[in-house]
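Residue numbers (full-length UniProt numbering): 1 to 263.
Have a look at the structure below before the remarks.
As structure tokens, then:
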């Protein structure tokens with residue numbers, strides 16, 4: 001990597017840091033540096049996460065994004081992306097999020113995997129994911145973007161920790177052997193009104209396939225999915241914008257629900 005590229009990446013990292021501290025969104029990183037590659041964007045993400053870990057935050061899991069064909073087509077890509085989950089991002093089930101702490105949040109219903117074995121790529125299979133899963137839980141992801149008006153390319157969202165905001169894990173836990181993950185149905189309610197529905201097969205055909213993809217992708221960066229981590233396997237339906245006063249409930253067949261409030 002040339003000194004010029006290193007300088008560009010440091011500049012883009014600083015822009016994201018400033019956006020986060022000031023709570024003012026910024027123009028797309030790919031407008032500032034049009035040659036930004038996805039690999040370079042992952043380097044920015046890892047740098048940002050590393051700095052947060054140094055300040056005492058803990059990595060508690062990973063999230064997978066762009067798992068639906070529709071989202072991939074929207075950004076002109078043919079594979080998902082991923083981000084890190086930090087302990088500071090977790091909200092208790094039925095907890096409350098202050099909208100002023102976020103930029104332009106949207107809510108998604110997802111199936112969470114809680115691991116009890118490490119998953120080390122690059123050749124992880126769906127079967128190995130299921131074997132390494134201690135339990136399955138209902139989840140909500142609150143995606144958010146430091147990029148103004150969600151005007152993102154793949155490189156923009158990757159650098160921005162895959163547009164991660166907050167997440168909620170429901171209270172119930174189920175053994176993966178007791179479930180057909182493909183057929184789990186999501187019903188996402190906003191203020192009591194059914195907004196979206198989806199199924200487990202809407203994320204790469206099987207939620208565990210998303211986790212296998214992640215384990216294999218991470219091997220490129222010498223990162224391992226660790227026992228104890230929570231993995232959000234991808235949105236089962238479109239993200240829904242949140243405003244003050246909203247209450248979201250994600251109800252899943254066979255695995256319970258996750259809820260969150262905004263004020």
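Glycine residues also receive a C-beta, built at the ideal position from the N, C-alpha and C atoms.
The structure displayed is predicted, hence computed values, not measured ones.
The Cβ-Cβ distance between residue 32 and residue 11 falls below 9 Å. By alpha-carbon distance to residue 186, the top candidate from 50, 46 and 254 is 254. Annotation: the continuous beta strand (DSSP E) that includes residue 164 extends over 164-169. Ranked by how close their Cα comes to the Cα of residue 112, the residues 58, 171 and 103 have 171 in first place.
Annotation for residue 260: no alpha helix (DSSP H) segment contains it, though the beta strand (DSSP E) segment containing it runs 256-262. Distance between residue 215 and residue 104, taken at the CA atoms: about 29 Å. A residue is called buried when at least 16 other Cβ atoms come within 10 angstroms of its Cβ; residue 234 meets this threshold and is buried. Secondary structure in the UniProt domain "Fumarylacetoacetase-like C-terminal" (104-259): the beta strand (DSSP E) runs of 3 residues or longer, each lying completely within the stretch, are 106-115, 133-143, 164-169, 185-190, 193-199, 230-235 and 247-252 in chain order. Assignment of residue 84 by DSSP, reduced to helix, strand and coil, places it in the strand class.
For residue 26, there is no enclosing alpha helix (DSSP H), as DSSP gives it neither H nor E. In this structure, residue 262 sits near residue 98, with a CB-CB distance shorter than 9 Å. Taking one beta carbon from each stretch, the segment 144-154 and the segment 191-202 have fewer than 3 pairs nearer than 8 Å; the two do not touch.
A Cβ-Cβ separation of about 7 Å places residue 108 in contact with residue 140 under the 8 Å criterion. Segment contact: the segment 17-30 against the segment 189-197, fewer than three CB-CB distances shorter than 8 Å; contact not assigned.
Residue 257 has its alpha-carbon roughly 9 Å from the corresponding atom of residue 169.
Distance between residue 208 and residue 176, taken at the CA atoms: about 10 Å. Only residues of its own chain outside the window of five on either side were considered, and among them 132, 215 and 225 have a CB closer than 6 Å to the CB of residue 119, listed in chain order. Distance from the CA atom of residue 230 to the CA atom of residue 106, rounded to whole angstroms, is 20 Å.
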